[in-house]
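Reviewing the structure listed below.
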Amino acid sequence: MREKSRYAPVLGLIVAVAQVVASQGAAYGQLHVRKPLDALSYTLLLLGPAALVVHRRFPVGSAAVALLVTYLYTWLDYPLGPVYIAPTITLIALVLVGRRAVAWSFAGVTLVVFLAYGHFGTTGQPGLFHDLAITAFIMLVMVGSELWAIVRERRAQQQRTAEEEARRQASEERLTMAQELHDVLAHNISLIHVQAATALHLIDDNPDQARTALATIKTASKEVLGEMRSVLNVLREGAPRFPTAGLDRLDDLVERSGLDVTLRRDGTRPLPPQVERAAYRIVQESLTNAARHAPGARVTVQLEYGERELAVTVTDTGATSSPELSAHGTGNGIPGMRERASALGGTLVAGPWGTGFRVAARLPLPSDPLSPPLSPEDT
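Residue numbers (full-length UniProt numbering): 1 to 379.
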């Protein structure tokens, strides 16, 4: 509002110059029918533009002033034409600021005043054409103003919609980053915790295995730092946006999990990045849970690439190591996996399986691997 108000004096000055200069030219063509310009006429020509300067603060009052001085100027038989610039602008501005009823009321009064002047304020006989011309001009101004206002309102609505969509996307991105950070930290910190406990447990009796656990801790700590940088880079302006995890890194994940893992793949096909990331995180969280609650268990990870879905199954045989090596989690792992699956329109079931535990997820796939995954409404 303040930015626009700064241009009001400029607009008023431009209209004042236009009305004064153009009225001097119009006076030469109306010497025999209109009165010559004098001090009063110049004052009236300047009052209308002066009202434009305060129009944003007093829209109705400034419009009334501009119209009244125009009525007076016209009834005093001064040269016609340019004097109507200021009142026309005020009527348009009233419509644009939402004072439509007032604007149309002023337009109706203006029409009555000018029609009355044509019939009673001049010696000529204006006739029907004169009345229709004045009516058409006023209607054109008002209808054009309404169309302009509609266009502005639609643009404003589109801008609000775009801003809301941008805020929604930003919120979703923040949620995604939070989820990514949770998964990265939960897996690697749990792995470090379990391996540290193993190293402490075996350092006296079996230093070679303790050394292996410490090497795994070193690798996991390096990995968590790299993945955190990858996730946080999204926050930096201009940073490339790419998935922080994919199924091409599954072998490395299995190797540094510290568990006896068998990885099986049934088929292969290109996958959307959202599905790859979700499948990777589901396997990662499942291995994290196995390391926490079933240390020493044998784990089987199976990927089945179907035509319409990717099936991910992670099964462990149950704990075989000492209970003190098990760690307690936060309880958010399985709900987080379910959220990832449901966000893609899929399902995830997790629960006891024989002596161990099983996580089974089904993630729908589009027919085109480059298209986004199916929504829940499509499945």
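Using N, Cα and C, we set each Cβ at its ideal position, and we do this for glycine too.
Exercise. For Tyr305, which residues does DSSP report across the bridge?
Worked result: The sequence position of residue 305 within the sequence shown is 305, counting from 1. In the DSSP output, where bridge partners are listed per residue, Tyr305 has Leu310.
For this session: Check the C-beta distance from Pro272 over to Pro366 and give it rounded, since I have them as a contact under 8 angstroms.
Result: Mapped onto the sequence shown, residue 272 falls at position 272. Mapped onto the sequence shown, residue 366 falls at position 366. In this structure Pro272 is in contact with Pro366, their Cβ atoms being roughly 7 angstroms apart against a cut-off of 8 angstroms.
Problem set entry | According to DSSP, residues forming a beta bridge with Pro364 | The sequence position of residue 364 within the sequence shown is 364, counting from 1. In the DSSP output, where bridge partners are listed per residue, Pro364 has Glu309.
Exercise. When burial is assigned at 16 or more other CB atoms within 10 Å of the CB, is Ser342 buried or exposed?
Worked result: Indexing the sequence shown from 1 puts residue 342 at position 342. Exposed: under 16 other Cβ atoms inside 10 Å.
For this session: Return the Cβ separation of residue 389 and Val359 in integer angstroms, given the expectation that the two are a contact with Cβ distance under 8 angstroms.
Result: Lying before the first or after the last residue shown, residue 389 is absent from the chain, which here runs from 1 to 379.
Problem set entry | Residue nearest to Tyr305 in terms of C-alpha spacing, selected from Glu223, Arg292, Leu247, Asp316 | In the sequence shown, residue 305 corresponds to position 305, counting from 1. Tyr305 has its Cα closest to that of Leu247, out of Glu223, Arg292, Leu247, Asp316.
Exercise. In the region 78 to 166, which residue ranges form an unbroken alpha helix (DSSP H) of at least 4 residues, counting only runs that do not cross its ends?
Worked result: Within the region 78 to 166, the complete alpha helix (DSSP H) runs of at least 4 residues are 85 to 96, 100 to 120.
Exercise. Gly98: buried (16+ other C-beta within 10 angstroms of its C-beta) or exposed?
Worked result: Taking the first residue of the sequence shown as position 1, residue 98 is located at position 98. Counting Cβ neighbours within 10 Å, Gly98 comes out exposed, since fewer than 16 surround it.
Exercise. At which residues does the beta strand (DSSP E) containing Pro352 begin and terminate?
Worked result: Against the sequence shown, residue 352 aligns to sequence position 352. Note, Pro352: beta strand (DSSP E), 347 to 353.
Exercise. In the structure shown, what three-state DSSP assignment does Gly267 receive?
Worked result: Locating residue 267 in the sequence shown gives position 267, counting from the first residue. Gly267 carries a coil assignment under DSSP once its states are collapsed to helix, strand and coil.
Exercise. Exposed or buried, Leu147, counting other C-beta atoms within 10 Å across all chains shown (16 or more means buried)?
Worked result: In the sequence shown, the residue the question calls residue 147 occupies position 147. The residue in question, Leu147, is exposed, as its Cβ has fewer than 16 Cβ neighbours within 10 Å.
Problem set entry | From Arg56, Leu46, Val275, Lys218, residue whose alpha carbon lies closest to that of Leu94 | For the purposes of this step, residue 94 is taken as the residue at position 94 of the sequence shown. For Leu94, the closest C-alpha among the options Arg56, Leu46, Val275, Lys218 is that of Arg56.
Problem set entry | Same chain, Cβ closer than 8 angstroms to Leu47, five either side skipped, listed in chain order | Within the sequence shown, residue 47 is the residue found at index 47, counting from 1. Taken in chain order, the residues that qualify are Val65, Ala66, Val69.
For this session: With a floor of 3 residues, list each beta strand (DSSP E) that falls wholly inside the region 19 to 46, ordered by position along the chain.
Result: Taking 3 residues as the shortest admissible run, the region 19 to 46 contains no complete beta strand (DSSP E) segment at all.
Exercise. Thinking C-alpha only, which one of Ala136, Leu181, Asp252 is nearest Thr216?
Worked result: Stepping through the sequence shown from its first residue, residue 216 is reached at position 216. Checked all of Ala136, Leu181, Asp252; the closest Cα to Thr216 is Asp252.
For this session: Tell me whether the beta-carbon of Lys35 lies closer than 9 angstroms to the beta-carbon of Leu80.
Result: To locate residue 35, count along the sequence shown from 1; it is residue 35. To locate residue 80, count along the sequence shown from 1; it is residue 80. Contact: no.
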